[in-house]
Amino acid sequence: MMSNCIITASIFLGIIGQSDYSKLQEIKPTQFAKAPGYSEGPTWKNGELFFCSGSLLRVSKEGKVEKFLDINPAGTVLNAKGHLLICDNKHKAILDYAPDGSLNVLADSYENKPLNSLNDLTLDAKGNIYWTDPSGSSLQKPVGNIFRLSPKGEVTKIATGLAFPNGLDVDPQSKFLYLIESQSKKILRYLIPEEGKPFAEPELFYDLGGSGGDGCAFDNKGNLWVADFQRPETKQGRILILSPEKKVLGHVDIPAQVVSNIAFGGPNHDEIFCSTGGPNGIFHAKVGIQGFKGHPGVENKSLRKIPISPEGTASIIHPRKFGVPGGIGTTRGWYIWKSFDPETMTATVTRDSSDEIIKTRVLPWATTYRYLVYGANPADLLPGERVNLFFNADENHPRGYLVHYQDEICQMKGHNHIWEITEDAVDGKTFKARVIADKKPLDKNIAEFNISPECKKWKAGKLIDTLSMKKGDTFYLTWCMKEKQKVVMQIVDEASLEEIKTRQLALINARLAKDGLEGYIDTVDGKKVLFTVYATFWSQANQLKPGQLVQILSPSEKVKAPQSIVLKVVSQKNRGTYGSGFNEVTLETTKDSDSVILSKFENIQGTHLVPLLKAK
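See the structure below:
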C-alpha cells in the first residue's frame with residue numbers, strides 16, 4: 003500500500019432519474035481517493051478502480067490505494083472480456099493486462115519505428131483499438147495523430163494534423179469516434195468507415211471553450227460525458243453531458259482545480275469516477291444514470307509478454323533493475339536551483355512561490371532539456387536559475403527524486419509563452435516584462451529584472467553588445483534569483499533560438515564523444531549484447547545506426563578487463579520519456595572472446611558506450 007494514498011468515504015447527495023439530466027448540477031461529488039500526483043485514466047473493473055498517477059494504481063475492494071503496476075500509464079480502458087488495455091509510456095506500447103494476470107504488449111511500433119507518445123485509448127465493436135499521440139502538437143503546430151490497432155495486429159494512422167489529440171471514445175452504436183482536441187478546445191466526431199476504407203475529415207461536434215477538454219465516456223443512451231478541464235468562471239473542472247444531437251443536457255461540477263477524465267462504475271454502473279488535479283486523485287458521485295459498459299473487444303495477438311514478479315499487488319516491473327522509481331514525475335512546478343553535488347547526485351532547490359528549501363536526489367536516468375535540446379548535465383544549471391522540475395516521491399517526501407528538468411526557455415517555448423516588455427528600457431540595466439500566451443497576457447503580474455554585466459544578448463541569431471528593448475518587444479530569458487532580485491543572464495529573441503539550440507547540441511556532442519553513453523549491459527547471449535542506455539545522453543542514442551562501431555569502456559574499478567572492447571550496432575530502440583531516459587541498444591561482438599569478458603560487466607551501472615566515427 004502506498005503510504006501517501008488514502009481513500010475516503012463518498013457521500014451521495016441526491017440520486018436522479020435515468021432521463022432527468024437537469025438535476026445533475028445539484029449533485030455534490032466527494033473525494034473518493036487521494037493520489038501522490040496528478041491523476042488520469044480511471045477504469046472500473048470487478049469492483050475495483052484503476053487509475054494513473056505516476057504508475058498504475060488500484061483502489062481495492064477493501065478501500066486501499068496501492069501501486070498495481072510499475073509502469074508509466076496515461077490512459078486505460080476495459081473491454082467486455084475483462085482485459086484492461088493501457089497506454090503505457092514506459093514501454094512505449096499498448097499493453098493488455100489479461101484476466102489470467104499476464105501483461106502483454108499488443109503494439110509498440112508503427113512503420114518499423116517505436117511508438118512516440120501514448121495518451122488515451124478506446125475500442126470499437128469490431129475490436130479495433132484507437133489511441134491518441136499528441137507529442138509535439140499545439141495549436142500553432144498541429145502534428146498530433148490517432149492510431150488504430152486492428153484485430154489482425156496491424157497498426158495504422160487514421161488521422162493526423164491535430165492540435166493535441168487527447169481523450170477519445172466510440173459511441174455505443176460503434177458509428178462514431180469522438181475526439182477531444184485539447185488545444186483547439188473542440189470535440190471532433192469521425193464517422194467510422196467500412197472496413198478497408200479511410201477515415202474522412204471529422205465534423206465539429208462541440209466547441210467547449212474555456213480551457214478545453216481532456217477525457218470522456220458514454221452513458222448507455224449514447225450521451226457523451228466530457229471532462230471539461232477547467233471553467234474560467236469557476237476556476238474548477240466539471241463534467242459536461244452532450245447528446246448525440248450536440249445539445250447540452252446538464253453538468254456536474256467537480257470540486258477540484260482541473261478534471262482530466264471520467265469513468266462509469268459501481269455495482270449498477272451508475273456512478274462516476276473523475277480523475278483530478280488540485281487536489282490529486284479521484285472524485286466520485288452516484289448519478290443514477292448507467293454508463294456504457296464498453297465494446298466486447300477481441301483476443302488480440304500478443305507481441306511479447308512482460309515478466310511479472312509473483313511479489314507485489316500485480317507485479318513490479320523493473321526491466322532496468324534500477325531499484326528506485328522513474329517515470330514522468332508526480333509533482334512538478336517552478337523552482338529556484340540552488341546547488342548540485344555530482345558526487346552524491348543531490349540537488350538543493352527552493353520553491354518559486356516560497357522559501358522552502360528542498361534537498362532531492364537526482365536520479366542517474368533523470369532527463370534534461372536545456373536550450374531546446376535533450377542531454378544537458380545538472381551541473382550546467384546556474385546557481386539561482388529558475389527551472390521547471392519534475393519529482394517522484396520517496397518514502398519520506400513527495401520531492402524525494404528529481405526525474406526531469408527543463409529550463410525556462412524550453413518550458414515557455416513549449417507552452418507558447420514568452421516575455422513581453424511592458425515599457426521602454428532606457429538605462430540598459432533594468433526592464434519590466436510580463437508573460438504572454440497566444441499574444442495575450444497570461445495574468446496581471448509584471449516582473450522587474452536586472453541585467454547582469456555578463457548577460458548574453460541575442461538578436462537575429464547573433465550575440466550583440468547592446469540590445470534595444472522597446473515596449474511590446476518579446477524575448478526568452480535565462481534568469482537567476484540573487485538576493486531576492488531577478489538577474490538576467492541571457493536574453494534571446496525568437497530568431498536566435500535555432501542558433502542557441504545548435505550551440506547546445508555541439509556542446510552535448512563533444513561531451514558524448516568524450517564520455518560516451520552511460521548505462522549497463524543487461525544480457526550477453528553469444529555474440530549478441532543488450533546494452534541499456536540511461537542518463538544524460540539517452541536521447542543521443544537515437545543517433546546510433548546499424549553497422550556503426552562503438553566501444554564499451556570497462557568499469558575498471560569493479561572488473562579487470564581490457565580498456566575497451568569494440569562492438570557493432572545491430573539496432574536501437576528508444577524507450578525514453580520525461581523522467582526516464584532509457585534506450586535499448588542491441589550490439590554484436592566482433593570477437594568471440596569478447597563475449598566472455600562482457601558477461602562480467604552484466605548489470606554494473608556506470609558502464610560507458612562510446613560511439614566511434616570510424617572503425618579502428
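Position 352 of the sequence shown, counting from 1, maps to 354 under my numbering, and the rest follow consecutively. The C-beta atom is built at its ideal place from N, Cα and C for all residues, glycine as well.
Do ASP216 and SER184 have their beta-carbon atoms positioned less than 8 Å apart in this structure? yes
Residues in its own chain within less than 7 Å of ALA165 by CB, not counting five upstream and five downstream? SER139, SER140, LEU141, PRO144, GLY146, GLU183, GLN185 and SER186
Could you work out which residue in PRO174, VAL598 and ILE148 is closest to THR162 when comparing CA atoms only? ILE148
Can you round the beta-carbon distance between LYS288 and GLY267 to whole angstroms, since I take them to be within the 8 Å contact cut? In fact, because the Cβ distance is near 10 Å, the residues do not count as touching under 8 Å.
Opening and closing residue of the beta strand (DSSP E) in which GLU50 lies: 50-55
If you follow the beta strand (DSSP E) that SER566 is part of, which residue opens it and which one closes it? 566-576
Taking SER55 as the reference, which of LYS69, ASN48, GLY49 and GLY386 has the closest Cα? LYS69
Which residue's Cα is closest to the Cα of ASP135: ASN106, ILE96, ASP102 and GLU156? ILE96
Assuming GLN492 and LEU479 are in contact, meaning their beta carbons sit under 8 Å apart, how far apart are those beta carbons, in whole angstroms? 7 Å
What's the C-alpha gap between TRP481 and ASN452? 9 Å
Whose C-beta lies closer than 6 Å to the C-beta of PRO246 among residues of the same chain, with five residues either side of it excluded? GLY224
Residues in the same chain with beta-carbon distance under 6 Å from ILE160, minus the five sequence neighbours each way, listed in chain order, please. ILE148, ARG150 and PHE201
In the DSSP assignment, what residue or residues form a beta bridge with ASP98? LEU87 and ASN106
Which runs of the beta strand (DSSP E) at least 3 residues long sit entirely within the region 457-523? Give them in chain order. 464-466, 476-484 and 487-494
In terms of residues, what are the limits of the alpha helix (DSSP H) holding ILE411? 410-416
Are there 16 or more other CB atoms within 10 angstroms of the CB of ILE359, so buried, or fewer, so exposed? exposed
When the Cα atoms are used, what is the spatial distance from ASN106 to ASN302? 10 Å
Proximity test, Cβ basis, 8 Å: ILE96 and chain C: Included in the structure is just one protein chain, with no chain C present.
Leaving aside the five residues before and after SER152 along the sequence, list all residues of the same chain whose C-beta is less than 6 Å from its C-beta, in chain order. ASN130
Could you tell me how far apart the beta carbons of GLU450 and LYS434 are, in whole angstroms, since I believe they sit closer than 8 Å? 5 Å
DSSP state of ILE423, grouped into three classes? strand
Is the beta carbon of LYS248 sitting closer than 8 Å to the one on PHE207? yes
Rounded C-alpha distance that separates ARG60 from GLU205: 37 Å
First and last residue of the uninterrupted alpha helix (DSSP H) at VAL598: 594-601
Would the beta-carbon of PRO144 be found less than 7 Å away from any heavy atom of the ligand GDP? Here there are no bound small molecules, and the ligand GDP is not part of this structure.
Give me, in chain order, the residues of the same chain whose beta-carbon lies closer than 7 Å to that of VAL260; leave out the 5 immediate sequence neighbours on both sides. PHE231, GLN232, GLY239, THR278, GLY279 and GLY280
May I ask you to report which of helix, strand or coil DSSP gives ASN222? coil
Between ALA462 and the rest of its own chain, which residues show a CB-CB distance below 8 Å, the 5 nearest in sequence each way excluded? ASP495, ALA497 and SER498
What is the rounded straight-line gap between the Cα of LEU305 and the Cα of GLY296? 24 Å
Answer with buried or exposed for ASN619, where buried requires no fewer than 16 other C-beta atoms within 10 angstroms of its C-beta. The requested residue 619 does not occur in the structure, where the chain is confined to residues 3 to 618.
Return the chain-ordered list of same chain residues with a C-beta closer than 6 Å to the C-beta of CYS300, the five sequence neighbours on each side being excluded. Looking at the sequence shown, residue 300 is not Cys but Val. For VAL300, where only same-chain residues beyond five positions count, the Cβ hits under 6 Å are GLY129 and PRO153.
From GLY155, TYR337 and PHE34, pick the residue whose C-alpha is nearest to that of ILE284; which is it? PHE34
Please look up how many angstroms separate the CB atoms of TYR407 and GLN506, rounded, as I've assumed it's under 8 Å. Contact doesn't hold; Cβ gap of about 14 Å is too wide.
Which same chain residues end up closer than 7 Å to ASP110 when comparing Cβ atoms and leaving out the 5 residues on each side of it in sequence? HIS93, LYS94, ALA95, PRO116, LEU117 and LEU305
Is the distance from the Cβ of ASP72 to the Cβ of LEU120 below 8 Å? no
What separation, rounded to the nearest whole angstrom, lies between the Cα atoms of THR609 and LEU600? 11 Å
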